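Participant:
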Amino acid sequence: MDENKDINKDIHINIDFNQVPTPCYVVDERLLQKNLDLLAKVQEETGCKILLALKGFSMYATFPQIGKVLAGITSSALNEARLGHEEMGKEVHIYAPAYKEKEMDEILSICDHIVFNSFDQWRRYKDKVMSVNHKKIECGIRINPEYSEIKTPIYDPCYIGSRLGVTVSQFKPDQLEGIDGLHFHTMCEQNSDTLERTMEVVEAKFGKYFHQMKWINFGGGHHITRADYDVDRLIKVVNRIKSAYDVQVYLEPGEAIALNTGFLVTEVMDLINNQMDLAIIDASAACHMPDVIEMPYRPEIIGAKKPGELPYTYRLGGLTCLAGDIVGDYAFDKPLEIGDRLVFTDMAHYTMVKNNTFNGVNLPSIAVANDEGIRVLKDFGYEDYKRRL
Numbered sequence: 007m008d009e010n011k012d013i014n015k016d017i018h019i020n021i022d023f024n025q026v027p028t029p030c031y032v033v034d035e036r037l038l039q040k041n042l043d044l045l046a047k048v049q050e051e052t053g054c055k056i057l058l059a060l061k062g063f064s065m066y067a068t069f070p071q072i073g074k075v076l077a078g079i080t081s082s083a084l085n086e087a088r089l090g091h092e093e094m095g096k097e098v099h100i101y102a103p104a105y106k107e108k109e110m111d112e113i114l115s116i117c118d119h120i121v122f123n124s125f126d127q128w129r130r131y132k133d134k135v136m137s138v139n140h141k142k143i144e145c146g147i148r149i150n151p152e153y154s155e156i157k158t159p160i161y162d163p164c165y166i167g168s169r170l171g172v173t174v175s176q177f178k179p180d181q182l183e184g185i186d187g188l189h190f191h192t193m194c195e196q197n198s199d200t201l202e203r204t205m206e207v208v209e210a211k212f213g214k215y216f217h218q219m220k221w222i223n224f225g226g227g228h229h230i231t232r233a234d235y236d237v238d239r240l241i242k243v244v245n246r247i248k249s250a251y252d253v254q255v256y257l258e259p260g261e262a263i264a265l266n267t268g269f270l271v272t273e274v275m276d277l278i279n280n281q282m283d284l285a286i287i288d289a290s291a292a293c294h295m296p297d298v299i300e301m302p303y304r305p306e307i308i309g310a311k312k313p314g315e316l317p318y319t320y321r322l323g324g325l326t327c328l329a330g331d332i333v334g335d336y337a338f339d340k341p342l343e344i345g346d347r348l349v350f351t352d353m354a355h356y357t358m359v360k361n362n363t364f365n366g367v368n369l370p371s372i373a374v375a376n377d378e379g380i381r382v383l384k385d386f387g388y389e390d391y392k393r394r395l
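Residue numbers (the working numbering): 7 to 395.
1) Go ahead and label S290 buried or exposed: buried means 16 or more other beta carbons lie within 10 angstroms of its beta carbon, across all protein chains shown.
2) Can you name, in chain order, every residue of its own chain whose Cβ lies under 8 Å from the Cβ of V382, other than the five neighbours on each side?
3) Would you call Q176 buried or exposed, if buried means 16 or more other Cβ atoms sit within 10 Å of its Cβ?
4) Drop a sphere of 10 angstroms on the beta-carbon of I72, count the other beta-carbons inside from all chains shown, and report buried for 16 or more, exposed for fewer.
5) Give me the DSSP bridge partner(s) of I185.
6) Whose C-beta lies closer than 8 Å to the C-beta of A310 among residues of the same chain, with five residues either side of it excluded?
7) Quick test of the definition: if touching needs 3 or more C-beta pairs under 8 Å, does the segment 100 to 114 touch the segment 54 to 74?
8) Going by DSSP in three states, I160 sits in which element: helix, strand or coil?
9) Look at the alpha carbon of A375 and the alpha carbon of Y66, and state the distance between them as a whole number of angstroms.
10) Since A77 and I100 are thought to touch, with beta carbons under 8 Å apart, how far apart are those beta carbons, to the nearest angstrom?
11) Only counting runs of 3 or more residues, tell me where the beta strand (DSSP E) segments fall wholly within the segment 68 to 129, in order along the chain.
12) Let me make sure I understand the geometry here. Which of R129, L188, E51 has the alpha-carbon closest to that of Q218?
13) Can you pull the DSSP bridge partners for V33?
14) Going by beta carbon distance, what residues of the same chain come within less than 6 Å of Y391, once the five residues before and after it are set aside?
15) The alpha helix (DSSP H) spanning R304 covers which residue range?
16) Can you tell me whether T173 is buried or exposed? The criterion is at least 16 other CB atoms within 10 Å of its CB, across all chains shown.
17) Using 8 Å as the limit for Cβ to Cβ distance, is K360 near chain D?
18) Going straight from the alpha carbon of I380 to that of M301, what length do you get?
19) Tell me the rounded alpha-carbon separation between Q281 and P305.
20) Can you confirm whether the segment 147 to 158 touches the segment 202 to 209 when touching is taken to mean that 3 or more C-beta pairs between the two stretches lie within less than 8 Å?
21) Are the segment 226 to 237 and the segment 193 to 200 touching, with three or more C-beta to C-beta distances below 8 Å?
22) Using the rule of at least 16 other Cβ atoms within 10 Å of the residue's Cβ for burial, across every protein chain shown, is G387 buried or exposed?
23) Can you tell me which of G260, T326, S249 puts its alpha carbon nearest to the alpha carbon of I287?
24) Would you call the CB atoms of W221 and V253 closer than 8 Å?
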């Protein structure tokens with residue numbers, strides 16, 4: 007996770023975090039619009055189409071706002087595709103490592119683009135796709151350039167033996183009939199210089215097929231709305247590919263759309279000491295912000311600093327029985343008290359879409375904030391936990 011946070015302090019100061027139950031995710035529509043304005047600029051200056059990757063952010067209450075700017079959504083399974091179809095109503099793309107035959111009819115009824123992970127999958131469903139007579143469904147093949155600069159192995163789709171995408175040695179140009187585009191996804195929270203280097207490899211291996219395509223999908227992982235992201239370089243890369251090969255370019259970030267737009271409001275439940283000061287909060291790294299453990303990374307808290315940088319340092323832990331349910335160590339300017347509210351930043355993406363009810367812990371409420379105040383959209387309870395089991 008990027009530690010170069012670009013939080014708009016003037017906005018978050020205007021959010022009354024005491025007006026929501028805890029724990030609670032709060033997404034600020036003004037911060038979201040700030041990201042959308044930048045993405046709109048990229049679309050305008052390149053003619054590319056940017057899609058919301060629902061795997062990163064699926065808060066459908068924001069889809070009307072997002073849909074005014076972006077071209078649509080991209081999904082990783084039928085349920086995501088259906089959510090995008092029902093709640094945004096624009097382009098619906100889907101890619102999955104494999105498709106279930108019993109779901110393909112519904113996928114065909116709601117998707118505009120289908121990307122296949124292998125030529126075997128394409129052969130299996132080609133006739134069914136081509137027989138759909140009420141609309142033209144554009145199909146693609148995911149390619150694996152076997153090049154990645156991702157440092158966290160669990161998020162690297164190009165490691166040796168990866169199941170994701172077709173390598174150049176397995177590529178079958180004689181089976182491209184009916185294929186409209188190529189898709190690659192090799193990045194995670196990276197800048198446009200990584201994309202530029204990646205494109206060189208992709209072109210060297212697969213560029214000979216680009217002229218046969220209607221579109222090239224650059225996948226996700228583009229941290230476009232991060233403060234230090236080189237937007238001009240991205241625009242240059244996109245325009246070069248469009249011009250050289252006469253193709254439509256798609257980008258499908260999830261994180262960049264919701265980056266620095268959300269918060270997780272929590273409350274201190276207990277304070278203990280075991281060779282250091284510890285605080286138990288009513289949120290959980292394991293349940294409510296799992297990337298803290300998976301990446302791993304240390305999220306920021308409004309008003310807190312790194313250990314030792316302020317007089318009082320605490321280790322914050324969640325309320326589950328998992329020994330490793332630890333968020334991190336934080337310093338505060340005064341001692342914590344039971345009932346104090348702590349607000350984690352950058353908690354919109356990869357939180358709601360990945361959270362769980364381990365230990366029967368409730369999911370956080372969901373709220374939105376704007377100039378009119380803060381509004382809770384959804385609360386969760388026992389029935390949500392029970393329904394999953």
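The beta carbon of each residue, even a glycine, is placed where N, CA and C say it ideally should be. Because the structure is a prediction, the values reported are computed rather than measured.
Facilitator: Reading it off the structure:
1) buried
2) V26, P27, C30, S371, I372, A373
3) exposed
4) buried
5) C145
6) L316, Y336, A337, F338, L348
7) no
8) helix
9) 15 Å
10) Not really, about 14 Å apart at Cβ, beyond 8 Å.
11) 78 to 81, 97 to 101, 119 to 122
12) L188
13) G268, V374
14) T363, G366
15) Unbroken run through R304: none, as it is neither H nor E.
16) exposed
17) No chain D is present in this structure, which holds just one protein chain.
18) 30 Å
19) 23 Å
20) yes
21) yes
22) exposed
23) T326
24) yes
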